[in-house]
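Asker: Protein chains in written order, with numbering that gives the first Met the number 0: chain A, 0 to 105; chain B, 0 to 235.
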Amino acid sequence: MIDDTTFWLLTIALGIGTFAIRFSFLGLLGGKRLPDWALLHLRYVGVAVFPALFTPLVLWPDATGGTPDPIRIIAAIAAFGVGLKGSVIGAIVTGMGTFYALHFFT
Amino acid sequence: MTPRQAFWRGYLDCAPFILIVVPYSMLFGVVARDAGLDILQTMSMSVLVIAGASQFTALALLQDQAPVFIALLTALAVNLRMAMYSAALVPHLGHAPIGTRAVMAYLMVDQAFAVAVKTYEERPEMTPDVKVAYYFGAMLLICPIWYACTLLGAVMGQAIPESWSLDFAVPICFIALTAPLLRSLPHIIAALTSCAMAVAFAWVPWSLGIVIAALIAMAVGAQAELFLKRQANRAT
Numbered sequence: 000m001i002d003d004t005t006f007w008l009l010t011i012a013l014g015i016g017t018f019a020i021r022f023s024f025l026g027l028l029g030g031k032r033l034p035d036w037a038l039l040h041l042r043y044v045g046v047a048v049f050p051a052l053f054t055p056l057v058l059w060p061d062a063t064g065g066t067p068d069p070i071r072i073i074a075a076i077a078a079f080g081v082g083l084k085g086s087v088i089g090a091i092v093t094g095m096g097t098f099y100a101l102h103f104f105t
Numbered sequence: 000m001t002p003r004q005a006f007w008r009g010y011l012d013c014a015p016f017i018l019i020v021v022p023y024s025m026l027f028g029v030v031a032r033d034a035g036l037d038i039l040q041t042m043s044m045s046v047l048v049i050a051g052a053s054q055f056t057a058l059a060l061l062q063d064q065a066p067v068f069i070a071l072l073t074a075l076a077v078n079l080r081m082a083m084y085s086a087a088l089v090p091h092l093g094h095a096p097i098g099t100r101a102v103m104a105y106l107m108v109d110q111a112f113a114v115a116v117k118t119y120e121e122r123p124e125m126t127p128d129v130k131v132a133y134y135f136g137a138m139l140l141i142c143p144i145w146y147a148c149t150l151l152g153a154v155m156g157q158a159i160p161e162s163w164s165l166d167f168a169v170p171i172c173f174i175a176l177t178a179p180l181l182r183s184l185p186h187i188i189a190a191l192t193s194c195a196m197a198v199a200f201a202w203v204p205w206s207l208g209i210v211i212a213a214l215i216a217m218a219v220g221a222q223a224e225l226f227l228k229r230q231a232n233r234a235t
């Protein structure tokens, strides 16, 4: 369960912060360029953050009380394989499809 | 091209992305309800933030009982890529009045941004007015669908039974977002580092392990890129 105060605090701060990021150059910094070191690191934000988020969720899911579940791991690998071909929706469909299929047949 | 034509052109050019935005926003609605948010909370998040990946991030961390500042920091990090979008749009849209630019900033979403910049580069004859109209056309297709389908998912989510294990949709979403990003060796190295460090630092309280893993992975990716560039320079 997510506490109400926590939720609103986070959502409002995230809304303001995200707007500030979007408005930054277009709104205020105009012609300024991002320094090279910042651009270099920004290229890796996605691949650095997402795996750190999904790895624990796949290995130690809350739903099983934190015990590794082979079905979830196999489904995650299947989703990853399809995602590598560039299809985001294909990866979601494959991941959930494999998960349900394995649950159904085992 | 008149501004009016440009607006509708932008609208149509973004149409293929409906196929991605519809299921993705519905999934957010469903997952948010599953995590215990009410419809007002779910919609507030989608309207105030309009950035799916960061919304999923914030939700996953809150559910994990992470402190607010950790959830906020991680979700904002996910959105930092939009500083690059903001910078890339300056030469095309920087002339607009400040109020218009504020609305543009609010509406800035990945797919529509990609379409707009591609069109601006392919058609240098577009005048500043036409570029602004095109931008609004592109964004105004995606955003209403984002709101509407979040709502649809949030309403339908209630009807989905626990036995469907929708919690698993959250890691699957992150996997689906990661895989297409692995377009070079440094990206792959960064992703693998992130996986390994997330496991290594899983013991750190308040989900701080995720932040540590992400920072290390980012530095490793950047260093790997620099290293490969030096190697290539030496070879030539």
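We treat Cβ as the ideally placed atom computed from N, Cα and C, and that holds for glycine.
Is there a Cβ from chain A that is less than 8 Å from the Cβ of B/His94?
Answerer: For this step, residue 94 of chain B is matched to residue 95 along the second sequence. No, its Cβ sits nowhere closer than 8 Å to a Cβ of chain A.
Asker: So which residues on chain A does B/Ser166 lean against when the C-beta distance must stay under 9 Å?
Answerer: Residue mapping note: residue 166 of chain B aligns to position 167 of the second sequence, counting from 1. Per the sequence shown, residue 166 of chain B should be read as Asp rather than Ser. Per Cβ cutoff of 9 Å: Leu56, Pro60, Asp61, Ala62.
Asker: Just reading off the alpha helix (DSSP H) that B/Ile49 is part of, what are its end residues?
Answerer: Along the second sequence, read from residue 1 onward, the residue named residue 49 of chain B stands at position 50. Note, B/Ile49: premise wrong, no alpha helix (DSSP H); not H, not E.
Asker: Which word fits A/Leu13, buried or exposed, when buried means at least 16 other C-beta atoms lie within 10 angstroms of its C-beta?
Answerer: Within the first sequence, residue 13 of chain A is the residue found at index 14, counting from 1. By the C-beta density criterion, A/Leu13 is buried, having at least 16 other C-beta atoms within 10 angstroms.
Asker: Measure the C-alpha to C-alpha separation of B/Ala115 and A/Leu41 and round it to an integer number of angstroms.
Answerer: Counted from its first residue, the second sequence places residue 115 of chain B at position 116. Counted from its first residue, the first sequence places residue 41 of chain A at position 42. The straight-line gap from Cα to Cα measures roughly 21 Å.
Asker: Could you name the residues of the same chain whose beta carbon sits closer than 8 Å to that of B/Glu224, not counting the 5 residues immediately before and after it, in chain order?
Answerer: Within the second sequence, numbered from 1, the residue matching residue 224 of chain B stands at position 225. Once the five neighbours on either side are set aside, the close Cβ partners of B/Glu224 are Ser183, Pro185.
Asker: Helix, strand or coil: how does DSSP classify B/His94 here?
Answerer: By 1-based counting over the second sequence, the position of residue 94 of chain B is 95. Coil at B/His94, not helix or strand.
Asker: B/Leu176 and A/Phe79 look like a contact to me (Cβ under 8 Å); what is the Cβ gap, rounded to whole Å?
Answerer: By one-based count along the second sequence, residue 176 of chain B stands at place 177. By one-based count along the first sequence, residue 79 of chain A stands at place 80. Not really, about 11 Å apart at Cβ, beyond 8 Å.
Asker: Could you check if B/Ala158 is buried or exposed, using at least 16 other CB atoms within 10 Å of its CB as the buried criterion?
Answerer: The count along the second sequence starts at 1 and reaches residue 158 of chain B at position 159. Under this definition B/Ala158 is an exposed residue.
Asker: Quick one, are the C-beta atoms of B/Ala190 and A/Val87 less than 8 Å apart?
Answerer: Stepping through the second sequence from its first residue, residue 190 of chain B is reached at position 191. Stepping through the first sequence from its first residue, residue 87 of chain A is reached at position 88. No, Cβ-Cβ distance for B/Ala190 and A/Val87 is not below 8 Å.
Asker: Taking the alpha carbon of B/Tyr282 as the point to measure from, which residue in B/Leu150, B/Ala111, B/Gln64, B/Gln62 has its own alpha carbon closest?
Answerer: The displayed coordinates of chain B run from 0 to 235. Any statement about residue 282 of chain B would go beyond what the structure contains.
Asker: Do the segment 102-111 of chain B and the segment 137-144 of chain B meet, that is, are 3 or more Cβ pairs less than 8 Å apart?
Answerer: yes
Asker: Run through DSSP, which three-state label would A/Tyr43 get?
Answerer: Position 44 of the first sequence, counted from the first residue, corresponds to residue 43 of chain A. In this structure, A/Tyr43 counts as coil in the three-state DSSP scheme.
Asker: Check whether the segment 87-95 of chain B and the segment 58-77 of chain B touch, using three or more Cβ-Cβ pairs below 8 Å as the test.
Answerer: At 8 Å Cβ cutoff, the stretches do not touch.
Asker: Please list, in chain order, the residues of the segment 43-55 of chain A that have any C-beta partner in chain B closer than 9 Å.
Answerer: Tyr43, Val44, Gly45, Val46, Ala47, Val48, Phe49, Pro50, Ala51, Leu52, Phe53, Thr54, Pro55
Asker: Nearest-angstrom Cα distance between A/Pro60 and A/Phe22?
Answerer: As a first step, residue 60 of chain A is located in the first sequence; it is residue number 61 there, counting from the start. As a first step, residue 22 of chain A is located in the first sequence; it is residue number 23 there, counting from the start. For A/Pro60 and A/Phe22, the distance between alpha carbons rounds to 37 Å.
Asker: Using a Cβ cut-off of 9 Å, pull out every chain A residue sitting near B/Leu18, in sequence order please.
Answerer: Taking the second sequence and counting its residues from 1, one reaches residue 18 of chain B at position 19. One finds Ile88 in chain A with Cβ atoms closer than 9 Å to the Cβ of B/Leu18, taken in chain order.
Asker: For the segment 27-41 of chain B and the segment 148-157 of chain B, state whether three or more C-beta atom pairs, one from each stretch, are separated by less than 8 Å.
Answerer: yes
Asker: DSSP three-state call for B/Phe226: helix, strand or coil?
Answerer: Position 227 of the second sequence, counted from the start, is the residue given in the question as residue 226 of chain B. Looking at B/Phe226 - three-state DSSP - the assignment turns out to be helix.
Asker: Please report the straight-line C-alpha distance between A/Ala74 and B/Leu79, rounded to a whole angstrom.
Answerer: Position 75 of the first sequence, counted from the start, is the residue given in the question as residue 74 of chain A. Position 80 of the second sequence, counted from the start, is the residue given in the question as residue 79 of chain B. Roughly 30 Å between the two C-alpha positions.
Asker: With a Cβ-Cβ cutoff of 8 Å, do B/Ala59 and A/Leu58 count as a contact?
Answerer: Mapped onto the second sequence, residue 59 of chain B falls at position 60. Mapped onto the first sequence, residue 58 of chain A falls at position 59. No; because the gap between Cβ atoms is not below 8 Å, this pair is not in contact.
Asker: List the residues of chain B that A/Leu9 touches, going by C-beta distances under 7 Å, in chain order.
Answerer: Looking up residue 9 of chain A in the first sequence gives position 10. The answer, in chain order, is Ala57, Leu61, Val67, Ala70, Leu71.
Asker: Could you work out which residues of chain B lie near A/Trp91, taking near to mean beta carbons separated by less than 9 Å?
Answerer: As a first step, residue 91 of chain A must be located in the first sequence, where it is residue number 92. Before going further, note that residue 91 of chain A is Ile rather than Trp in the sequence given. Correct list: Pro22, Tyr23, Leu26, Ala168, Ile171, Cys172, Ile174, Ala175.
Asker: Could you check whether B/Ile209 and A/Ala51 sit closer than 8 Å to each other, using their CB atoms as the reference points?
Answerer: If you number the first sequence from 1, residue 51 of chain A lands on position 52. If you number the second sequence from 1, residue 209 of chain B lands on position 210. Cβ distance < 8 Å, so A/Ala51 and B/Ile209 count as in contact.
Asker: Please tell me whether A/Gly64 and B/Ile174 are closer than 8 Å, where the distance is taken between their beta carbons.
Answerer: As a first step, residue 64 of chain A is located in the first sequence; it is residue number 65 there, counting from the start. As a first step, residue 174 of chain B is located in the second sequence; it is residue number 175 there, counting from the start. No, the Cβ-Cβ distance between A/Gly64 and B/Ile174 is not below 8 Å.
Asker: Could you tell me the distance, in whole angstroms, from the CA atom of B/Ser253 to the CA atom of A/Leu101?
Answerer: There is simply no residue 253 of chain B to check, as chain B begins at 0 and stops at 235 in what is shown.
Asker: Using a cut-off of 9 Å between C-beta atoms, extract the partners of A/Leu13 located in chain B.
Answerer: Within the first sequence, residue 13 of chain A is the residue found at index 14, counting from 1. Neighbours of A/Leu13 on chain B, chain order: Met44, Leu47, Val48, Ala50, Ser53, Gln54, Ala57, Ala70, Leu71, Ala74, Leu75, Asn78.
Asker: For the alpha helix (DSSP H) that B/Ser237 lies in, which residues bound it at each end?
Answerer: Limits of chain B in this structure are 0 at one end and 235 at the other, which puts residue 237 of chain B out of reach.
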